[in-house]
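Participant:
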Amino acid sequence: MFHIHLLNVLMVIFFEQYCNEPTRGNNYLDLILCSEEIIQDLEIGEPFETSDHQMIRFSVKCKWDCKRENKYDYFKANYLEIREYANGNNLFMPSCEDNANNVDVLWNNISVGLNKIRNGYIKLKPKNKDRSKWSTKKVKSRRLAKKAAWNMYNKCGKDEALYKVYKRKLNKSVAENRKAKMQFEKKLALNIKNDSKSFFAYANANRKSNNKVGPLKDQNKNVIVSNKLAADHLNKYFASVFVEEDLISIPKPNKVFQGSNENCLQSIEINEELVSRKLNSLNVSKSQGPDEVHGKLLVELSKEIAPSLVSVFKASLETGVVPQDFRDAIVVPLHKKGGRDKAENYRPISLTSIVGKMLESIIKDNLVKFLDENSLIKDSQHGFTSGRSCLTNLLDFMEEVTRELDNGNCIDVVYLDFAKAFDKVPHRRLLSKLEAHGVNGKLLKWIDSWLSDRRQRVCVEGELSDWAVVKSGVPQGSVLGPLLFLIYINDIDEDILSKFEKFADDSKVAKVVNNTNDAELLRGDLEKLNKWSKDWQMEFNVDKCQVMHLGKNSLNSQYTLGGCTLKPTESERDLGVFVDKTFKFSEQCNKAANSANAIIGMIKRTIKCRRKDIMVRLYKALVRPKLEYCVQAWCPYLKKDIDKLEKVQARATRLVNGCKNLTYENRLNYTGLTTLSERRIRGDLIEVFKILKGFRGGSRICERGVLLF
Numbered sequence: 001m002f003h004i005h006l007l008n009v010l011m012v013i014f015f016e017q018y019c020n021e022p023t024r025g026n027n028y029l030d031l032i033l034c035s036e037e038i039i040q041d042l043e044i045g046e047p048f049e050t051s052d053h054q055m056i057r058f059s060v061k062c063k064w065d066c067k068r069e070n071k072y073d074y075f076k077a078n079y080l081e082i083r084e085y086a087n088g089n090n091l092f093m094p095s096c097e098d099n100a101n102n103v104d105v106l107w108n109n110i111s112v113g114l115n116k117i118r119n120g121y122i123k124l125k126p127k128n129k130d131r132s133k134w135s136t137k138k139v140k141s142r143r144l145a146k147k148a149a150w151n152m153y154n155k156c157g158k159d160e161a162l163y164k165v166y167k168r169k170l171n172k173s174v175a176e177n178r179k180a181k182m183q184f185e186k187k188l189a190l191n192i193k194n195d196s197k198s199f200f201a202y203a204n205a206n207r208k209s210n211n212k213v214g215p216l217k218d219q220n221k222n223v224i225v226s227n228k229l230a231a232d233h234l235n236k237y238f239a240s241v242f243v244e245e246d247l248i249s250i251p252k253p254n255k256v257f258q259g260s261n262e263n264c265l266q267s268i269e270i271n272e273e274l275v276s277r278k279l280n281s282l283n284v285s286k287s288q289g290p291d292e293v294h295g296k297l298l299v300e301l302s303k304e305i306a307p308s309l310v311s312v313f314k315a316s317l318e319t320g321v322v323p324q325d326f327r328d329a330i331v332v333p334l335h336k337k338g339g340r341d342k343a344e345n346y347r348p349i350s351l352t353s354i355v356g357k358m359l360e361s362i363i364k365d366n367l368v369k370f371l372d373e374n375s376l377i378k379d380s381q382h383g384f385t386s387g388r389s390c391l392t393n394l395l396d397f398m399e400e401v402t403r404e405l406d407n408g409n410c411i412d413v414v415y416l417d418f419a420k421a422f423d424k425v426p427h428r429r430l431l432s433k434l435e436a437h438g439v440n441g442k443l444l445k446w447i448d449s450w451l452s453d454r455r456q457r458v459c460v461e462g463e464l465s466d467w468a469v470v471k472s473g474v475p476q477g478s479v480l481g482p483l484l485f486l487i488y489i490n491d492i493d494e495d496i497l498s499k500f501e502k503f504a505d506d507s508k509v510a511k512v513v514n515n516t517n518d519a520e521l522l523r524g525d526l527e528k529l530n531k532w533s534k535d536w537q538m539e540f541n542v543d544k545c546q547v548m549h550l551g552k553n554s555l556n557s558q559y560t561l562g563g564c565t566l567k568p569t570e571s572e573r574d575l576g577v578f579v580d581k582t583f584k585f586s587e588q589c590n591k592a593a594n595s596a597n598a599i600i601g602m603i604k605r606t607i608k609c610r611r612k613d614i615m616v617r618l619y620k621a622l623v624r625p626k627l628e629y630c631v632q633a634w635c636p637y638l639k640k641d642i643d644k645l646e647k648v649q650a651r652a653t654r655l656v657n658g659c660k661n662l663t664y665e666n667r668l669n670y671t672g673l674t675t676l677s678e679r680r681i682r683g684d685l686i687e688v689f690k691i692l693k694g695f696r697g698g699s700r701i702c703e704r705g706v707l708l709f
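In my numbering, the protein residues as written are 1 to 709.
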């Protein structure tokens with residue numbers, strides 16, 4: 001019984017056990033417990049010379065201080081004065097009519113004007129030595145008074161009266177600290193839905209671990225200690241995944257758009273009202289691109305700068321010339337999974353010009369409208385499309401699979417994985433796909449220019465790598481990139497007989513396999529997919545492609561892809577949901593509970609103010625979504641799984657002031673929450689309503705009249 005109590009205690013204090021292998025024979029006797037994500041490279045070695053226990057080797061991540069560049073404070077500028085300066089000096093007016101179609105000159109005129117404003121009117125942020133985000137002027141003054149009282153006490157021979165003065169100053173400082181911190185945390189909690197980024201920045205600042213890059217290791221497994229070298233190392237790896245396109249044998253895509261050339265999407269109308277609307281809807285908290293044009297400056301000068309931007313956008317679309325600033329990107333490495341010391345475990349996210357993304361957004365809106373009006377994107381695609389989501393993908397797929405299993409059939413499901421899909425899209429082939437979808441003329445020329453001669457550099461802790469040429473792919477982090485990728489893989493399931501579902505590059509194919517003939521049909525579909533990947537230079541990562549055999553009488557047939565045998569699997573993560581052969585979703589419940597518990601632990605360690613309104617807001621915004629992600633597709637029905645999820649909410653409600661000694665039912669009444677079981681029923685009803693009323697993209701579910709819940 002002791003180990004059960006120990007596990008409960010560790011769960012309550014949010015500790016994680018890192019030893020996943022026996023350390024003495026077949027027994028787990030030596031444990032590594034930690035509440036922070038600072039343990040890495042853990043391995044169980046040989047036994048000690050004087051003991052039969054095995055050695056445990058691991059590394060501890062630590063954060064080193066780095067030199068940060070000064071940043072401009074765009075949120076404390078006098079924009080009334082800036083607008084008067086811009087209007088008085090005609091900063092954003094073209095120099096002469098001869099340059100009306102010269103995109104580079106027009107953009108350079110705007111860029112120079114913005115730089116003059118930034119250098120003359122935007123002050124640099126002062127270096128804040130106090131790391132406390134919640135510290136106020138009153139807090140600092142109380143601290144200085146406390147420090148002065150202590151120095152006086154020591155200077156005057158530690159007089160008792162002076163010590164009492166120090167104690168009063170200390171108590172006032174502590175009280176002011178507590179008050180300021182609670183006010184700051186309340187502000188974060190009240191705005192958590194609109195600005196979760198600030199909360200996580202505050203939470204991570206209080207953690208000992210470093211959630212950023214590295215420390216990286218080079219090919220010789222030596223630690224890279226310089227941020228510049230780390231940036232170059234990452235950029236070299238990111239550039240290595242680009243492909244050299246085979247320009248000799250470009251296949252001809254099937255014509256998707258059947259309309260006449262006059263009805264093709266050839267050009268886009270841009271006016272000042274549209275550009276002003278885009279300017280005013282900018283998110284000023286987004287990072288600036290390589291051109292160093294900040295969103296706050298654009299929003300404040302929207303009236304003054306809109307006419308000039310209209311000229312740039314019109315000239316760019318008319319001539320097909322894209323400024324280099326719109327094609328450059330600063331790449332931020334985002335850790336995916338695995339060790340943080342390996343470059344291949346990071347995903348490149350591109351920060352591009354905000355002005356360039358405005359033009360991309362206008363083009364995307366028109367392109368989406370054209371594709372929707374002509375129904376050009378296949379129903380099998382659920383990613384980046386209106387009314388579709390991970391949930392619709394899972395519901396549509398699982399409805400088919402479970403229906404066949406209920407009818408006594410066996411099903412083989414093949415989960416496919418592309419290797420660096422977004423980075424390997426060949427540009428000439430992409431342009432041919434766009435033309436087949438009815439995009440041509442000046443717009444196709446503009447997209448060609450936008451994809452050509454792109455450059456990228458990686459940023460690590462403020463240090464930038466050298467430039468690298470982007471030879472292929474669509475930028476991850478751009479506005480137009482995801483839509484272009486959807487168009488590129490739109491015909492991957494052409495002539496496929498099996499059930500096929502896509503969410504961007506995540507694909508899966510399923511087929512009823514009751515005999516060898518059914519297995520051959522599925523093998524034929526896999527051959528078609530393999531041929532498509534070779535023709536269009538989109539390689540599958542065969543090591544990550546797996547097959548799951550469902551059904552009691554499954555033949556357990558073997559399948560190959562590109563000459564490699566696919567590995568069978570008992571469980572697979574499908575769009576963030578763990579699916580196993582039993583369809584009981586116990587593993588998904590465990591993962592959801594563990595993830596939610598980790599967030600509760602972060603809240604407990606970070607937030608000192610435990611008021612009901614604050615804790616309930618944080619729970620609803622950060623914890624409960626972990627427990628309810630796509631839950632309509634994996635709703636638990638085993639009591640142990642239902643109880644496991646409910647215990648997470650019970651643990652969260654205990655953090656609220658005044659709730660620790662109340663029963664779970666009373667805590668729910670006090671906080672205004674309902675049980676998770678009741679919320680799942682409510683969510684099921686909402687989802688059914690959306691499907692039946694056509695608010696969801698799962699039209700095929702609605703047509704069959706099948707209710708899944």
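Heads up, the beta-carbon is just placed ideally off N, CA and C, and yes, glycines get one too.
#1: In whole angstroms, what separates the C-alpha of leucine 486 from that of isoleucine 681?
#2: For serine 533, count neighbouring C-beta atoms within 10 Å of its own C-beta (all shown protein chains included) and say buried if the count is 16 or more, exposed if not.
#3: Within the continuous alpha helix (DSSP H) that includes isoleucine 686, where are the two ends?
#4: Starting from the C-beta of valine 241, find all residues in its chain whose C-beta is less than 6 Å away, skip the five residues before and the five after it, and write them out in chain order.
#5: What are the uninterrupted segments assigned as alpha helix (DSSP H) that are 4 or more residues long and contained completely in the segment 598–638, given in chain order?
#6: According to DSSP, is cysteine 390 part of a helix, a strand, or is it coil?
#7: By DSSP, does methionine 93 sit in helix, in strand, or in coil?
#8: With a threshold of 6 Å on Cβ separation, who are the neighbours of lysine 716 within its own chain once the five nearest residues in sequence on each side are excluded?
#9: Between the C-alpha atoms of aspartate 453 and aspartate 325, what's the straight-line distance to the nearest angstrom?
#10: Can the beta-carbon of alanine 633 be found less than 8 Å from the beta-carbon of leucine 395?
#11: Does the structure place the segment 385–394 close enough to the segment 433–445 that three or more beta carbon pairs sit under 8 Å?
#12: Going by CA-CA distance only, name the one from Glu501, Ser449, Val310 and Gly562 that's closest to aspartate 379.
#13: For tryptophan 64, is the classification buried or exposed, using 16 other Cβ atoms within 10 angstroms of its Cβ as the cut-off for buried?
#14: At which residues does the alpha helix (DSSP H) containing valine 310 begin and terminate?
#15: Answer yes or no: do aspartate 525 and isoleucine 496 have a C-beta to C-beta separation smaller than 8 Å?
#16: Could you pull the DSSP bridge partners for threonine 560 from this structure?
#17: Rounded to whole angstroms, what is the Cα-Cα separation between tyrosine 18 and leucine 42?
#18: So what's phenylalanine 242 in DSSP terms, helix, strand or just coil?
#19: Under the rule that 16 or more other beta-carbon atoms within 10 Å means buried, what is lysine 314, buried or exposed?
#20: Could you say which of Val165, Lys116, Lys181 and Lys167 lies nearest to lysine 138 if we only look at CA atoms?
#21: Give me the residue from Asn20, Met398, Val513 and Asn171 with the minimum Cα distance to aspartate 574.
#22: For aspartate 423, which of helix, strand or coil comes out of DSSP?
#23: Rounding to the nearest angstrom, what Cα-Cα distance links phenylalanine 92 and isoleucine 305 in this structure?
#24: Determine the closest residue to glutamate 81 out of Ser507, Asn514 and Gly120, with distance taken between C-alpha atoms.
#25: Quick one: what does DSSP say cysteine 410 is sitting in, helix, strand or coil?
#26: What's the gap between the Cα of lysine 336 and the Cα of lysine 167?
#27: Work out the CA separation of arginine 457 and tyrosine 637 for me, nearest whole Å.
#28: Grab me the residues of asparagine 283's own chain with a C-beta within less than 7 Å of its C-beta, minus the 5 sequence neighbours each way, in chain order.
#29: Between which two residues does the alpha helix (DSSP H) carrying glutamate 749 extend?
#30: Give the range of the alpha helix (DSSP H) segment to which alanine 710 is assigned.
#31: Give the secondary structure of asparagine 366 by DSSP, where H, G and I count as helix, E and B as strand, and everything else as coil.
#32: Using a 10 Å radius around the Cβ and a threshold of 16 neighbouring Cβ atoms, would you call cysteine 545 buried or exposed?
#33: Buried or exposed: where does tyrosine 74 fall if 16 or more other Cβ atoms within 10 Å of its Cβ makes it buried?
#34: Using DSSP bridges, identify the partner residues of histidine 335.
#35: Look at the Cβ atom of leucine 444, then the Cβ atom of glutamate 360, and state whether they are nearer than 8 Å.
#36: If we count the other Cβ atoms within 10 Å of its Cβ and call it buried at 16 or more, is serine 260 buried or exposed?
Facilitator: Result, derived from the coordinates:
#1: 34 Å
#2: buried
#3: 676–692
#4: Lys420 and Asp423
#5: 612–618, 624–628 and 631–634
#6: helix
#7: coil
#8: Shown here, the chain extends from 1 to 709; a query on residue 716 therefore has no answer.
#9: 11 Å
#10: yes
#11: no
#12: Glu501
#13: With a pLDDT of 49 at tryptophan 64, under the threshold of 50, the predicted position of this residue should be treated as unreliable, though the coordinate-derived value follows. Looking at its Cβ environment, which holds fewer than 16 other Cβ atoms inside 10 Å, tryptophan 64 is exposed.
#14: 302–319
#15: yes
#16: Thr565
#17: 8 Å
#18: coil
#19: buried
#20: Lys181
#21: Met398
#22: helix
#23: 6 Å
#24: Gly120
#25: coil
#26: 49 Å
#27: 49 Å
#28: Gly295
#29: Shown here, the chain extends from 1 to 709; a query on residue 749 therefore has no answer.
#30: Nothing can be reported for residue 710: it is not among the residues displayed for the chain, which extend from 1 to 709.
#31: helix
#32: buried
#33: buried
#34: Tyr346
#35: no
#36: exposed
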